[in-house]
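Q:
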Amino acid sequence: MSTGKKVIKNNERGIQKVRFIIQMLFVLLCIWIGIEFYNFILYLKSDGTAAFASRPPGVDGFLPISSFMSFYLFITTGTIHQAHPAGLFIFFAIVLISLLFGKAFCSWLCPFGFLSELIGDFGKKLFGKNFKVPKWLDYPLRSIKYLLLGFLVYSVFFLMSLTAVRAFLGSSYNLVSDIKLFHFFANLSKFSIIVISVLFLLSIPIRNFWCRYLCPYGALLGIASLLSPNKIKRNAYSCIDCGLCSEACPSFVKVDKVKTVISDECTTCLNCVDVCPVKDTLRLENIVTKKKINKKYVAVGIVAMFMLITGAGMITGNWYNNVSKDKYLILYQNLNSLGHPTGTETLKKYNEDAIKKSKTKNYKKVEIEPEKIDGLPDQSKKINDGY
């Protein structure tokens, strides 16, 4: 397209290869965590006769509800619950990355985001393009993830008392919630298979279907990303209106129509910056200092921040939980009898029960009696805010 403007070719490309490598490394890390966790379950299943395999703390990252409750406990009391402590630091890392680099976790580190990209790429090759849901349907669908997030926030911050949150975190159910999650996916019901299959099939023509419409974590990070000082900026003067940026955006953001990309759907994948044919027409910029941020610094910054924050958990001794292998063996033997603490009761009733069980209002030293394990009452010990 001829615009009469002087065009300086953009030769600063190639960040997508770096992003792909980082995504692959984190996928491999998750696979390694999965293998280690599977070996841990085999050890429990053998009743301790097989070779001992320790539980990998990284599995806490797949327990968002427990991590969110731990976050609530931390900001209200300053204490770190030791049921799934690694999950809290992973949660911190994800949110802080979003506050600095936007919703970058989704496109740089998240294994589900990576899988969603691959499925979307397959759909693009299959159909020649990814289909965009019409606005009249897109907006209501996008609200679903915010409704799910809102329900979680309302339940934890407003419906549950602090004592009830502690009771949940210290419950035997929460201690084995990761194991129960594994068994859920290892023994999928017909209904679950249908739901997962539908989500997979919808993700082929509609890119990032799960991420865009249903992921409450994505909703949280989208809100956090709006506070980030680093945004994609477009130089309207040097822009040649080719539209390649908007075409390349996996989140369907109209990059070529705005000067600053302010969107809860932007994942800072930098696809738009990479495909722009004119140098510095699109760039990541700090809106406070007005300075350009090198794309390589984004890659290094995201990985470094994740490693530093999770490393802080390791250094401070808040990475591994304090549940002994003997306790895990007992819990695993009674796995089927350990239901959700609320059962069929309402949160209000659960709050009342939790408060009655509380021995003191000194929240830093609250002792909560976990539910007794059927047939093994002597093995059930008090849990002191992290065992």
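Residue numbering for the sequence shown follows our numbering, starting at 81 and increasing by one per position.
Think of the CB as a built atom: it goes at the ideal place given N, C-alpha and C, for glycine as much as any other residue.
Please say whether residue 147 and residue 168 have beta carbons closer to each other than 8 Å?
A: The residue labelled residue 168 in the question sits at position 88 within the sequence shown. The residue labelled residue 147 in the question sits at position 67 within the sequence shown. Contact flag set, yes.
Q: Could you check whether the region 314–322 touches the region 351–369, counting it as contact only if at least three pairs of C-beta atoms, one from each stretch, sit closer than 8 Å?
A: These segments touch.
Q: Identify whether residue 446 lies in helix, strand or coil by the three-state DSSP scheme.
A: Residue numbering aside, residue 446 sits at position 366 when the sequence shown is read from its first letter. Low local confidence applies: a pLDDT of 32 at residue 446 is under 50, so the model's placement there is unreliable, and no value is given.
Q: Is it buried or exposed, residue 299, if we count other Cβ atoms within 10 angstroms and call 16 or more buried?
A: Against the sequence shown, residue 299 aligns to sequence position 219. Residue 299 should be labelled buried.
Q: With a floor of 4 residues, list each alpha helix (DSSP H) that falls wholly inside the region 146–193, ordered by position along the chain.
A: With a minimum length of 4 residues, the continuous alpha helix (DSSP H) runs that stay inside the region 146–193 are 165–181, 184–188.
Q: Within 10 angstroms of the Cβ of residue 384, are there 16 or more other Cβ atoms? Answer buried if so, exposed if not.
A: Here residue 384 corresponds to residue number 304 of the sequence shown, with the count starting at 1. It is exposed - the Cβ of residue 384 has fewer than 16 other Cβ atoms within 10 Å.
Q: Express the C-alpha separation of residue 290 and residue 274 in angstroms, rounding to a whole number.
A: Along the sequence shown, read from residue 1 onward, the residue named residue 274 stands at position 194. Along the sequence shown, read from residue 1 onward, the residue named residue 290 stands at position 210. Cα-Cα distance, rounded: 15 Å.
Q: Taking the continuous alpha helix (DSSP H) assigned at residue 270, which residues delimit it?
A: Within the sequence shown, the letter at position 190 stands for residue 270. Its alpha helix (DSSP H) spans residues 270–283.
Q: Roughly how many whole angstroms lie between the Cα atoms of residue 389 and residue 172?
A: The residue you call residue 389 lines up with position 309 of the sequence shown. The residue you call residue 172 lines up with position 92 of the sequence shown. Using only the alpha carbons, I get a separation of about 7 Å.
Q: I'd like the ranges of any alpha helix (DSSP H) spanning at least 4 consecutive residues and lying wholly in the region 316–384.
A: Runs found: 324–328, 351–355.
Q: The beta strand (DSSP E) that contains residue 314, what's its start and end?
A: Locating residue 314 in the sequence shown gives position 234, where the first residue counts as 1. Its beta strand (DSSP E) spans residues 310–314.
Q: Give the straight-line distance between the Cα atoms of residue 214 and residue 283, rounded to the nearest whole angstrom.
A: What you label residue 214 is simply residue 134 of the sequence shown in a count that begins at 1. What you label residue 283 is simply residue 203 of the sequence shown in a count that begins at 1. Roughly 16 Å between the two C-alpha positions.
Q: Please classify residue 200: does DSSP put it in a helix, a strand, or coil?
A: Against the sequence shown, residue 200 aligns to sequence position 120. Helix.
Q: Kindly indicate which three-state DSSP category residue 95 falls into: helix, strand or coil?
A: Taking the first residue of the sequence shown as position 1, residue 95 is located at position 15. Reduced to three states, the DSSP call for residue 95 is helix.
Q: Among the residues of its own chain, which have a CB less than 6 Å from the CB of residue 98, if the five just before and after it don't count?
A: Here residue 98 refers to the residue found at position 18 when the sequence shown is read from its first residue. Within the same chain, residue 98 has close Cβ partners 379.
Q: Return the chain-ordered list of same chain residues with a C-beta closer than 6 Å to the C-beta of residue 96, the five sequence neighbours on each side being excluded.
A: The residue you call residue 96 lines up with position 16 of the sequence shown. Here the set comprises 354.
Q: Looking at residue 326 and residue 336, is the spacing between their C-beta atoms short of 8 Å?
A: In the sequence shown, residue 336 corresponds to position 256, counting from 1. In the sequence shown, residue 326 corresponds to position 246, counting from 1. Contact: yes.
Q: Kindly indicate which residue of 297, 210, 260 has the alpha-carbon position closest to the one of residue 411.
A: Here residue 411 corresponds to residue number 331 of the sequence shown, with the count starting at 1. Among 297, 210, 260, the Cα nearest to that of residue 411 is on 260.
Q: In the DSSP assignment, find the alpha helix (DSSP H) that holds residue 230 and state where it starts and stops.
A: Position 150 of the sequence shown holds residue 230. First-last of the alpha helix (DSSP H) with residue 230: 215–234.
Q: Alpha carbon to alpha carbon, what distance is there between residue 163 and residue 444?
A: As a first step, residue 444 is located in the sequence shown; it is residue number 364 there, counting from the start. As a first step, residue 163 is located in the sequence shown; it is residue number 83 there, counting from the start. Note that residue 444 has pLDDT 38, beneath the 50 cutoff, so the model's placement of it is unreliable and no number is given.
Q: Roughly how many angstroms separate the alpha carbons of residue 391 and residue 160, rounded to a whole number?
A: Mapped onto the sequence shown, residue 391 falls at position 311. Mapped onto the sequence shown, residue 160 falls at position 80. Each residue's Cα considered, the two are about 15 Å apart.
Q: Mind checking whether residue 132 and residue 407 have CB atoms under 8 Å apart?
A: Along the sequence shown, read from residue 1 onward, the residue named residue 132 stands at position 52. Along the sequence shown, read from residue 1 onward, the residue named residue 407 stands at position 327. It is not a contact, given that the beta carbons lie outside the stated cut-off.
Q: How many Å lie between residue 487 and residue 417 at the Cα?
A: An answer regarding residue 487 cannot be provided, because it is not within the stretch 81 to 467 covered by the chain.
Q: Between which residues of its own chain and residue 165 is the CB-CB distance below 7 Å, once the five residues before and five after are set aside?
A: For the purposes of this step, residue 165 is taken as the residue at position 85 of the sequence shown. Correct list, in chain order: 393, 398, 399, 401.
Q: Please state whether DSSP places residue 291 in a helix, a strand or coil.
A: Along the sequence shown, read from residue 1 onward, the residue named residue 291 stands at position 211. Of the three classes helix, strand and coil, the one that applies to residue 291 here is helix, per DSSP.
Q: What does the alpha-carbon distance come out to for the pair residue 305 and residue 413?
A: Taking the first residue of the sequence shown as position 1, residue 305 is located at position 225. Taking the first residue of the sequence shown as position 1, residue 413 is located at position 333. If I take the Cα positions, the gap works out to 43 Å.
Q: Could you name the residues of the same chain whose beta carbon sits closer than 6 Å to that of residue 119, not counting the 5 residues immediately before and after it, in chain order?
A: One-based indexing of the sequence shown puts residue 119 at position 39. If we look at residue 119 and ignore the five residues flanking it on each side, its Cβ neighbours are 133.
Q: Just the C-alpha distance for residue 192 and residue 352, rounded to the nearest angstrom, thanks.
A: The residue given as residue 192 occupies position 112 in the sequence shown. The residue given as residue 352 occupies position 272 in the sequence shown. In a straight line, the C-alpha of residue 192 is about 21 Å away from that of residue 352.
Q: Of the residues 307, 239, 202, 395, which one's Cα is nearest the Cα of residue 346?
A: Position 266 of the sequence shown, counting from 1, holds the residue named residue 346. Checking every option, the nearest Cα to that of residue 346 belongs to 307.
Q: With H, G and I counted as helix, E and B as strand and the rest as coil, what does DSSP make of residue 209?
A: Position 129 of the sequence shown, counting from 1, holds the residue named residue 209. Of the three classes helix, strand and coil, the one that applies to residue 209 here is coil, per DSSP.
Q: With a Cβ-Cβ cutoff of 8 Å, do residue 203 and residue 285 count as a contact?
A: Along the sequence shown, read from residue 1 onward, the residue named residue 203 stands at position 123. Along the sequence shown, read from residue 1 onward, the residue named residue 285 stands at position 205. For residue 203 and residue 285, yes; Cβs fall inside 8 Å.
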